[in-house]
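Sequences listed follow chains A and B, in order.
With the numbering used here applied, the first sequence covers 1 to 109.
With the numbering used here applied, the second sequence covers 1 to 118.
Here the structure is laid out as structure tokens; the discussion comes afterwards.
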Amino acid sequence: TQLLEQSPQFLSIQEGENLTVYCNSSSVFSSLQWYRQEPGEGPVLLVTVVTGGEVKKLKRLTFQFGDARKDSSLHITAAQTGDTGLYLCAGQGFQKLVFGTGTRLLVSP
Amino acid sequence: GAGVSQSPSNKVTEKGKDVELRCDPISGHTALYWYRQRLGQGLEFLIYFQGNSAPDKSGLPSDRFSAERTGESVSTLTIQRTQQEDSAVYLCASSNRAWSSGSYNEQFFGPGTRLTVL
């Protein structure tokens, strides 16, 4: 069974701080996605990484896929209150995505 | 609308009753997924439909859970004899590309149905 563990589970920070969320597995994934979910809504795709070692930047968000394609990280620079939400990583398994356990981020003004 | 829609948005039921949850995927999307999300947690895969292939039911937690999909359109998730532990948000997602080795797909999610079993 493929599992994705995210850490930390919960993060509460002040606006302007930096943070990193980790997504780890013992399994290799052909690609990995990051989603953000806001209260009362479904998750929305932020990025897909497909190559080991790949780094993608989306404004203040930096995503990295591990060299061995077993782990990933999401780094947010100068967090804003609008970054508040549940962050989910998802690895491409056989015919379906395997979702991580989630990291709940709260950014306070 | 162009997105995935789900109904009802909220459902409160009594223990032991049956419930039906509906998902309307994005038109033309061949793949449809159901997930369960308990409060504050990640997504738990339930079932996956891909075109006319047999569905992948490997995530259904018990035989009280079943789902159907008509062609490449609407899907219903049925929970029989509901239990309190079934309380969760049920999310539906659709995707416009068939899975193939080495490929990846973006899933578009609906807003979910919040189910509360009293």
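The C-beta atom is built at its ideal place from N, Cα and C for all residues, glycine as well.
Is residue i close to chain B, meaning its C-beta is less than 8 Å from at least one C-beta of that chain?
| i | result |
| --- | --- |
| residue 61 of chain A | no |
| residue 104 of chain A | yes |
| residue 14 of chain A | no |
| residue 95 of chain A | yes |
| residue 99 of chain A | yes |
| residue 43 of chain A | yes |
| residue 82 of chain A | no |
| residue 58 of chain A | no |
Does any residue of chain A bring its CB to less than 8 Å from the CB of residue i?
| i | result |
| --- | --- |
| residue 84 of chain B | no |
| residue 91 of chain B | yes |
| residue 28 of chain B | no |
| residue 56 of chain B | yes |
| residue 25 of chain B | no |
| residue 8 of chain B | no |
| residue 133 of chain B | As displayed, chain B neither begins before 1 nor continues past 118, which places residue 133 of chain B out of reach and without an answer. |
| residue 51 of chain B | no |
| residue 16 of chain B | no |
Please report the straight-line C-alpha distance between residue i and residue j, rounded to a whole angstrom.
| i | j | result |
| --- | --- | --- |
| residue 35 of chain A | residue 14 of chain A | 22 Å |
| residue 52 of chain B | residue 72 of chain B | 8 Å |
| residue 4 of chain B | residue 98 of chain A | 20 Å |
| residue 59 of chain B | residue 78 of chain B | 14 Å |
Which one of the options has the shortest CA to CA distance from residue i?
| i | options | result |
| --- | --- | --- |
| residue 61 of chain B | B:109, B:82, B:70 and B:49 | B:82 |
| residue 92 of chain A | A:32, A:70, A:42 and A:100 | A:32 |
| residue 88 of chain A | A:101, A:81, A:27 and A:19 | A:101 |
So is the beta-carbon of residue i under 7 Å away from any non-hydrogen atom of the ligand COA?
| i | result |
| --- | --- |
| residue 56 of chain B | Of ligands this structure carries none, so the ligand COA is not represented either. |
Report the CB separation of residue i from residue j in whole angstroms; it is logged as a contact under 8 Å.
| i | j | result |
| --- | --- | --- |
| residue 33 of chain B | residue 44 of chain B | About 11 Å separates the two Cβ atoms, so there is no contact after all. |
Could you name the residues of the segment 65-81 of chain B whose beta carbon sits closer than 8 Å to any beta carbon of chain A, in the order they occur along the chain?
Per Cβ criterion, the list is empty.
Using a Cβ cut-off of 9 Å, which residues of the segment 21-45 of chain A contact any Cβ in chain B, in chain order?
Contacts with chain B (Cβ-Cβ distance below 9 Å) from the segment 21-45 of chain A involve 30, 31, 32, 33, 35, 37, 40, 41, 42, 43, 44 and 45, listed in chain order.
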